[in-house]
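Visitor:
As structure tokens, then:
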């Protein structure tokens with residue numbers, strides 16, 4: 001009592017005397033290595049139990065062919081395994097296939113063997129015919145989102161009971177990586193045949209768990225599948241995914257113990273969670289990126305010719321914009337150093353990263369002003385930026401706005417709702433737009449469609465034979481080193497023309513209660529729960 | 001519902017307006033309300049002069065400063081912006097949104113209310129309009145507007161304003177229906193005065209006090225509405241702050257620096273409380289018979 | 001009275017029809033179509049065209065509207081373009097949540113509101129009247145989501161006495177259900193409680209001043225009994241009206257409350273649907289909300305004309 005009073009008195013006196021608390025300067029962020037998992041549960045795990053995971057966004061149809069929501073992958077992971085997976089280093093490893101594919105005829109045919117002990121949760125055997133049927137469905141379904149991921153496939157056939165052969169009309173190296181994502185998820189052919197498109201409401205795959213039910217906007221429930229080939233290593237009875245869209249609400253629920261695992265924790269909350277008792281965190285750099293896309297077109301959304309602004313016609317203005325950004329300082333302040341600056345579509349530390357792709361344009365506001373002057377741009381140069389109205393994007397945009405004003409840019413921010421911004425981006429209805437890409441395992445999926453002439457995601461309207469050639473070559477080369485070098489060259493060109501200016505890379509932050517083990521999350525961000533378990537209470 | 005729900009409190013057509021102000025400040029609540037409202041208005045008017053920094057001035061090296069930090073009396077936010085400065089600017093923007101919403105509601109609600117109260121056929125049509133507006137959650141409207149023309153404070157104000165039209169309309173309609181029976185209106189009708197003249201000259205002036213009271217009720221509700229829309233991401237216009245936008249920002253880092261969310265919330269409460277207190281006292285002062293008993 | 005109700009019924013129908021048209025057109029005025037929202041970040045033009053044709057979005061507006069009306073009348077609300085689920089099923093899951101939350105919030109609001117209102121009336125002319133009134137006005141001045149956020153921070157995270165989220169169906173476990181919904185109901189009910197308190201006080205003052213209450217008092221009936229027997233009974237009628245009129249505000253409040261506490265109700269469903277341009281779901285949800293609003297207010301009118309044909313509703317939130 002006495003001590004508290006002293007402290008209070010001393011505090012008040014100090015306040016009155018100095019009038020204030022000294023400023024606390026933000027420190028440079030510590031090095032933050034990836035923490036990808038809690039490790040495999042060894043001894044002392046409790047068999048059984050229901051695990052609740054807070055999911056940050058509602059998945060769409062639980063159908064690998066038509067799904068376009070990334071969160072569908074989270075829910076599918078325990079109940080619908082893929083042909084391949086990625087490991088903690090971002091390398092592709094076999095899952096339902098037993099070996100990496102054998103590539104022959106200069107990349108025109110590809111053969112891979114399958115597990116012989118896997119069974120779908122409806123009791124149907126998992127075999128080459130099922131895989132061929134699913135891949136064919138990806139290629140032929142009219143609402144398929146997978147078609148472009150699989151490339152120029154000619155035929156898919158079952159060579160024997162457990163071997164699949166795929167032939168191409170042109171070599172396409174990103175194919176294997178696609179099979180480590182949704183395109184590699186295989187549904188029971190019987191279920192697909194019986195339910196048709198309705199299979200998305202009752203998915204049947206090979207997995208540690210099987211689908212029980214879904215309450216829209218609320219929850220998805222899975223239960224242990226006794227038919228799973230590795231059932232001995234499955235410990236939980238049930239997994240319940242609950243949809244919670246607000247990051248701080250997810251954080252609160254982990255802390256209060258209402259949920260056991262939560263994905264996409266905000267950098268604002270992660271330090272509090274790390275310090276909290278009974279909570280542990282996982283973190284891994286993501287394959288995606290956030291970037292500023294500049295509209296280079298000389299036509300309006302309806303195709304009529306317009307007088308494009310200087311930034312569209314003069315690369316020096318775009319160059320100035322890129323070097324006027326102190327990417328390090330921005331990520332450090334806005335995301336407390338939890339996210340990392342980005343200069344290219346290729347994530348550092350992945351098999352395809354090179355010194356070229358890891359290169360960040362150096363911050364130089366004076367040089368930026370000089371470039372603007374050389375280009376004959378008015379200073380401040382006005383630029384309208386459409387920004388998604390998510391909190392992270394808005395915070396970053398405001399910081400960027402403040403920083404760019406130092407180098408002679410006057411940014412006007414237009415917060416736009418996510419669906420509307422996608423639409424504006426498609427139609428070319430923007431001067432500059434800040435949006436992200438969730439990222440793919442293979443760099444092809446992060447670069448080709450954004451940079452080649454008239455490609456589906458080429459929102460800037462950029463076109464050059466040089467870039468088209470580089471990115472086409474990257475998809476056809478078969479050795480990883482050759483491909484990495486090609487993508488490195490492409491990045492150097494990207495940083496010269498700046499049609500897309502890369503800003504930062506997110507980190508997937510996951511929080512879980514400390515009595516849970518066997519949870520892992522890799523570069524694709526998916527939180528893997530198949531082998532999760534509760535720790536035995538006596539042990540903790 | 002609306003055909004029966006009319007707001008009628010016994011009032012006399014002729015009032016001694018000079019006494020209103022005296023009566024207003026003669027009660028403790030009235031005095032407190034008036035003082036608070038004046039303070040809020042002054043803060044909004046001269047806020048930018050008092051603010052030590054610009055609302056947009058970032059200090060990347062000093063985010064999340066705590067209360068009473070040197071140079072930042074109320075701390076800084078996630079981008080190192082001075083909270084005190086932003087509160088002062090934000091208060092102004094929130095008040096503006098509130099006033100815009102009230103203005104819209106009064107501008108549309110008053111003529112419609114006069115017409116509905118005076119002319120039965122118009123009432124039929126207008127009442128349907130009111131029913132639809134009331135039945136339609138204004139939040140949906142706000143979400144829709146934000147999606148169509150982008151999230152902005154003016155869109156938030158428009159959505160809120162439309163949502164409050166029925167409140168004004170009902171009050172004016174009720175007053176008009178009552179005044180229609182008064183002898184001075186009947187006399188005007190007998191002289192064949194045109195409709196606009198009867199409504200504008202004879203009825204409208206006598207509904208003013210009811211409208212003013214209604215406005216003081218709507219204003220705080222609109223300010224809270226703005227904060228709700230901003231919380232849902234529908235009122236944003238960065239880097240210009242409004243209290244709602246600040247609160248929605250601050251809730252993102254409520255675990256790291258709870259003081260910003262608490263302070264912003266308190267500012268909203270004080271502001272709304274001021275207008276509610278003032279409005280309550282004003283109603284009593286304008287109409288001493290309504291609730292002070294006999 | 002029969003004629004009055006008939007007129008009200010026709011009016012309600014007209015309101016519903018106008019609302020349906022407004023909803024239908026409003027939804028289509030949103031930029032970015034459901035095909036775009038469905039296809040997500042990786043859409044191709046062919047895929048968009050296929051989805052549009054599939055949803056009938058390539059039909060003329062009038063054809064779409066008539067189809068919409070026909071389907072509405074037959075309760076065929078279609079499927080969500082986002083999740084592919086039956087909307088009737090989604091509604092069946094969401095409505096009980098919002099209904100339970102709202103009813104609980106209304107009960108909380110009535111209890112708090114009447115208590116405060118009676119207290120304020122009783123203390124009329126005494127110094128603490130100011131305090132009681134200030135309490136009521138404070139209730140009107142607090143943004144309810146702020147209360148919710150602080151509630152979670154303090155009560156759920158720091159003290160751990162209530163859960164931060166979660167919904168347990170009432171019939172599964174009434175106790176746990178109420179336990180989970182207490183904080184949300186308090187948060188949602190605050191504003192309504194203040195309105196009720198204010199109205200209770202005003203109406204009590206009015207009723208207690210009427211001749212028959214004065215007579216009752218003069219004949220020596222205990223003041224407390226007068227208050228309950230005459231004062232409150234009249235106030236209850238006013239209460240029914242307020243709750244009817246406040247329903248719209250309550251639903252808007254529910255959207256925010258459900259979001260904060262991650263409750264799977266209509267509000268959440270609405271917000272998600274709008275953000276993903278799920279046309280059929282937006283239409284269905286808004287129809288349900290409008291319909292219940294119109295229905296409840298119609299019932300209030302019916303109740304009203306039965307209870308007291310002469311009475312006029314005393315200024316709800318004037």
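Protein chains in written order, with full-length UniProt numbering: chain B, 1 to 540; chain F, 1 to 294; chain Z, 1 to 318.
No residue lacks a Cβ here, since even glycine has one placed at the ideal position from N, Cα and C.
All values derive from a computational prediction rather than experimental measurement.
Just how far apart, CA to CA, sit residue 494 (chain B) and residue 500 (chain B)?
Guide: Locating residue 494 (chain B) in the first chain gives position 494, counting from the first residue. Locating residue 500 (chain B) in the first chain gives position 500, counting from the first residue. Rounded to whole angstroms, residue 494 (chain B) and residue 500 (chain B) show a C-alpha spacing of 7 Å.
Visitor: Does DSSP put residue 529 (chain B) in a helix, in a strand, or in coil?
Guide: Taking the first residue of the first chain as position 1, residue 529 (chain B) is located at position 529. In this structure, DSSP gives residue 529 (chain B) a state outside helix and strand, which the three-state scheme calls coil.
Visitor: Output yes or no for whether 8 Å exceeds the beta carbon distance between residue 399 (chain B) and residue 330 (chain B).
Guide: Taking the first chain and counting its residues from 1, the one referred to as residue 399 (chain B) is at position 399. Taking the first chain and counting its residues from 1, the one referred to as residue 330 (chain B) is at position 330. Yes. Within cutoff.
Visitor: So, does the region 439-455 of chain B touch the region 170-181 of chain B, judging by three or more C-beta pairs under 8 Å?
Guide: yes
Visitor: Can you confirm whether the region 109-121 of chain F touches the region 166-180 of chain F when touching is taken to mean that 3 or more C-beta pairs between the two stretches lie within less than 8 Å?
Guide: These segments touch.
Visitor: Under 8 Å by Cβ, that's how I've got residue 302 (chain Z) and residue 251 (chain Z) pegged, so tell me the actual separation to the nearest angstrom.
Guide: Within the third chain, numbered from 1, the residue matching residue 302 (chain Z) stands at position 302. Within the third chain, numbered from 1, the residue matching residue 251 (chain Z) stands at position 251. Their Cβ separation, rounded to whole angstroms, is 22 Å, which puts residue 302 (chain Z) and residue 251 (chain Z) out of contact at 8 Å.
Visitor: Look up residue 365 (chain B) in the DSSP assignment and say whether it is helix, strand or coil.
Guide: Numbered from 1 along the first chain, position 365 holds the residue referred to as residue 365 (chain B). Here residue 365 (chain B) sits in helix by DSSP.
Visitor: Going by DSSP in three states, residue 177 (chain Z) sits in which element: helix, strand or coil?
Guide: Within the third chain, numbered from 1, the residue matching residue 177 (chain Z) stands at position 177. Residue 177 (chain Z) falls in the helix class under three-state DSSP.
Visitor: What does DSSP give as the partner residue(s) for residue 213 (chain B) in the beta ladder?
Guide: Taking the first residue of the first chain as position 1, residue 213 (chain B) is located at position 213. DSSP output for residue 213 (chain B) lists B:221 as bridge partner(s).
Visitor: Using a Cβ cut-off of 8 Å (strictly closer), state whether residue 526 (chain B) contacts chain F.
Guide: Against the first chain, residue 526 (chain B) aligns to sequence position 526. Output row for residue 526 (chain B): interface = no.
Visitor: Would you check if the region 187-195 of chain F and the region 94-114 of chain Z touch, i.e. whether three or more CB-CB distances between them fall below 8 Å?
Guide: no
Visitor: Mind pulling the chain Z residues with CB within less than 7 Å of residue 132 (chain F)?
Guide: Counting from 1 along the second chain, the entry for residue 132 (chain F) is found at position 132. Close partners of residue 132 (chain F) in chain Z (Cβ separation under 7 Å): 15, 18, 19, 22.
Visitor: Can a CB atom of chain F be found closer than 8 Å to the CB of residue 248 (chain B)?
Guide: Locating residue 248 (chain B) in the first chain gives position 248, where the first residue counts as 1. Taking Cβ atoms only, chain F reaches closer than 8 Å to residue 248 (chain B), which makes this a yes.
Visitor: I want to see whether chain Z comes within less than 8 Å of residue 200 (chain B), judged by CB atoms only; does it?
Guide: Taking the first residue of the first chain as position 1, residue 200 (chain B) is located at position 200. Yes, contact with chain Z.
Visitor: How about residue 156 (chain Z) and residue 244 (chain B): are their beta carbons less than 8 Å apart?
Guide: Numbered from its first residue, the third chain carries residue 156 (chain Z) at position 156. Numbered from its first residue, the first chain carries residue 244 (chain B) at position 244. No; because the gap between Cβ atoms is not below 8 Å, this pair is not in contact.
Visitor: Kindly provide the ranges of any alpha helix (DSSP H) runs that are 4 or more residues long and lie completely inside the region 32-103 of chain B, ordered along the chain.
Guide: 71-76
Visitor: For residue 155 (chain B) and residue 511 (chain B), I'd like the C-alpha separation in whole angstroms.
Guide: For this step, residue 155 (chain B) is matched to residue 155 along the first chain. For this step, residue 511 (chain B) is matched to residue 511 along the first chain. Using only the alpha carbons, I get a separation of about 43 Å.
Visitor: Can you check which of these residues, B:158, B:151, B:150, B:142, is closest to residue 133 (chain B) by C-alpha distance?
Guide: Against the first chain, residue 133 (chain B) aligns to sequence position 133. Residue B:158 is the option with its Cα nearest to residue 133 (chain B).
Visitor: Classify residue 382 (chain B) as buried or exposed, calling it buried when 16 or more other Cβ atoms lie within 10 Å of its own Cβ.
Guide: The sequence position of residue 382 (chain B) within the first chain is 382, counting from 1. Residue 382 (chain B) is exposed by the Cβ-count criterion.
Visitor: Please list, in chain order, the chain Z residues whose beta carbon lies closer than 8 Å to that of residue 418 (chain B).
Guide: Within the first chain, residue 418 (chain B) is the residue found at index 418, counting from 1. For residue 418 (chain B), the C-beta contacts it makes with chain Z under 8 Å involve 275, in order along the chain.
Visitor: Please decide whether residue 136 (chain B) counts as near chain D, where near means a Cβ-Cβ distance under 8 Å.
Guide: The question asks about chain D, but that chain is absent: this structure's protein chains are B, F and Z.
Visitor: Compare the C-beta of residue 38 (chain F) with all C-beta atoms of chain Z and state if any pair is closer than 8 Å.
Guide: Here residue 38 (chain F) corresponds to residue number 38 of the second chain, with the count starting at 1. Chain Z, which has no Cβ nearer than 8 Å to the Cβ of residue 38 (chain F), makes this no.
Visitor: Under 8 Å between the Cβ atoms of residue 164 (chain Z) and residue 366 (chain B)?
Guide: Reading the third chain from its first residue, position 164 is the one you call residue 164 (chain Z). Reading the first chain from its first residue, position 366 is the one you call residue 366 (chain B). Not in contact: residue 164 (chain Z) and residue 366 (chain B) (Cβ atoms no closer than 8 Å).
Visitor: If we cut at 8 Å on Cβ distances, does residue 456 (chain B) have a partner in chain Z?
Guide: On the first chain, residue 456 (chain B) is found 456 positions in, with the first residue counted as 1. Taking Cβ atoms only, chain Z reaches closer than 8 Å to residue 456 (chain B), which makes this a yes.
Visitor: The beta strand (DSSP E) that contains residue 168 (chain B), what's its start and end?
Guide: For the purposes of this step, residue 168 (chain B) is taken as the residue at position 168 of the first chain. Taken as a continuous stretch (DSSP letters only), the beta strand (DSSP E) holding residue 168 (chain B) covers 163-168.
Visitor: I'd like to know whether the C-beta of residue 24 (chain B) is nearer than 8 Å to at least one C-beta of chain F.
Guide: Against the first chain, residue 24 (chain B) aligns to sequence position 24. So, interface residue.
Visitor: Applying a beta-carbon distance threshold of less than 7 Å, which residues of chain B neighbour residue 272 (chain Z)?
Guide: Against the third chain, residue 272 (chain Z) aligns to sequence position 272. What residue 272 (chain Z) touches in chain B: 58, 217.
Visitor: Below 8 Å between beta carbons: does that hold for residue 462 (chain B) and residue 451 (chain B)?
Guide: The sequence position of residue 462 (chain B) within the first chain is 462, counting from 1. The sequence position of residue 451 (chain B) within the first chain is 451, counting from 1. Yes, the pair counts as a contact, with Cβ atoms nearer than the cut-off.
Visitor: Sorted by chain position, which residues of the same chain lie with C-beta nearer than 7 Å to residue 119 (chain Z)'s C-beta, five sequence neighbours on each side aside?
Guide: Numbered from its first residue, the third chain carries residue 119 (chain Z) at position 119. So the list reads 132, once near-sequence residues are dropped.
Visitor: Quick one: what does DSSP say residue 107 (chain Z) is sitting in, helix, strand or coil?
Guide: Here residue 107 (chain Z) is taken as the residue at index 107 of the third chain, counted from 1. Note: residue 107 (chain Z) maps to helix in three-state DSSP.
Visitor: Inspect the CB distances between the region 136-144 of chain F and the region 81-90 of chain F and report whether three or more fall short of 8 Å.
Guide: Here the region 136-144 of chain F makes no contact with the region 81-90 of chain F; the two share fewer than three CB pairs at distances below 8 Å.
Visitor: Within the same chain, show all residues whose beta-carbon is closer than 6 Å to that of residue 116 (chain B), passing over the 5 residues directly before and after it, in chain order.
Guide: Your numbering for residue 116 (chain B) matches position 116 in the first chain. These residues qualify, in order along the chain: 162.
Visitor: Near residue 286 (chain F), which residues of its chain fall below 7 Å by C-beta distance, leaving aside the five closest residues on each side in sequence?
Guide: What you label residue 286 (chain F) is simply residue 286 of the second chain in a count that begins at 1. 20, 209, 213.
Visitor: Comparing the C-beta of residue 181 (chain F) with each C-beta of chain Z, is any distance below 8 Å?
Guide: In the second chain, residue 181 (chain F) corresponds to position 181, counting from 1. So no, residue 181 (chain F) is outside the interface.
Visitor: Helix, strand or coil, according to DSSP, for residue 228 (chain B) in the structure here?
Guide: Residue 228 (chain B) sits at position 228 when you count from the first residue of the first chain. Note: residue 228 (chain B) maps to coil in three-state DSSP.
Visitor: Cβ of residue 274 (chain F) within 8 Å of Cβ of residue 40 (chain F)?
Guide: Taking the second chain and counting its residues from 1, one reaches residue 274 (chain F) at position 274. Taking the second chain and counting its residues from 1, one reaches residue 40 (chain F) at position 40. For residue 274 (chain F) and residue 40 (chain F), yes; Cβs fall inside 8 Å.
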